[in-house]
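Read left to right, the sequence shown gives residues 1 to 170 (full-length UniProt numbering).
Single-structure report; data block below.
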Amino acid sequence: MAGAGKALTLAGLHSSVERLQEELQALLDCLAARGLLRSETFNARLHRLRFAAAWRKHAACGGGFLSLADVQDSGALDLAVARLAGLPAALALGAAARSLRCRIATALSPVVEDFRDKVYICGGHDGQHVLGSVERFSPATGAWELQPPMAQRRYAAAAATVCGRLYVCG
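This is the structure we're talking about:
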């Protein structure tokens, strides 16, 4: 283990790494002081290099990575995600992932339609008990539809929709 007469020790390696970190920081400071390199640019490039290395490492093992667009092969999944996550989360996903923007917009149409021209009855009192049930009336079909119950029973509450979600208070 003695390459040039020096034994590699953990303490020696640690000291070398610390010295290299100091030298790198001094170099970055000099480049920044001259206006040749911004720390944001350096950090973004470093992130890209590390991500590419992780990608190569896992792709070489046969695992690779799939993007969200890769696993969303049908509109049904888009609709389920939009409905379960809610309008704000679905909009944020569409804004964050350019590849999904059109798919999310398409999936949101039925989510918005869930509240359009519908009447919701949330909770109430049956004469003996406070209720947690939720029902929706659709004038288009003339039918009441049972919805998932509320987590907490409510009586004489107020309700409103905000960003595609139904809120019941009181």
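No residue lacks a Cβ here, since even glycine has one placed at the ideal position from N, Cα and C.
According to DSSP, residues forming a beta bridge with residue i
i: Tyr-120; result: Arg-136
i: Tyr-167; result: Ala-160
i: Glu-145; result: Arg-136
i: Leu-131; result: Gly-124, Arg-154
Option nearest residue i by Cα separation, candidates the options
i: Ala-120; options: Ala-97, Leu-108, Arg-165; result: Per the sequence shown, residue 120 should be read as Tyr rather than Ala. Closest by alpha carbon: Arg-165.
i: Gly-124; options: Ala-96, Ala-157, Leu-87; result: Ala-157
i: Arg-116; options: Tyr-155, Val-81, Ser-138; result: Ser-138
i: Thr-141; options: Gln-128, Lys-118, Ala-85, Arg-56; result: Lys-118
i: Pro-110; options: Asp-126, Arg-83, Gln-128; result: Arg-83
Counted within 10 angstroms of its Cβ, other Cβ atoms place residue i as buried (16 or more) or exposed
i: Leu-10; result: exposed
i: Arg-102; result: The sequence shown places Cys at residue 102, rather than the Arg named in the question. Flag for Cys-102 reads exposed.
i: Arg-98; result: exposed
i: Gly-12; result: exposed
i: Ala-54; result: exposed
i: Leu-8; result: exposed
i: Leu-87; result: buried
Test item: CB-CB of residue i and residue j under 8 Å
i: Gln-152; j: Gly-170; result: no
i: Val-168; j: Cys-122; result: yes
i: Pro-148; j: Val-130; result: no
i: Arg-154; j: Trp-144; result: no
i: Leu-93; j: Leu-100; result: yes
i: Val-81; j: Ala-95; result: no
i: Leu-37; j: Leu-24; result: no
i: residue 198; j: Ser-39; result: In the structure as shown, the chain starts at 1 and stops at 170, and residue 198 therefore has no counterpart that could be examined.
Extent of the continuous alpha helix (DSSP H) run through residue i
i: Leu-28; result: 10 to 33
i: Leu-93; result: 87 to 96
is_contact[residue i, chain D] using C-beta, thresh 8 Å
i: Leu-108; result: Among the chains of the structure shown, chain D does not appear; only one protein chain is present.
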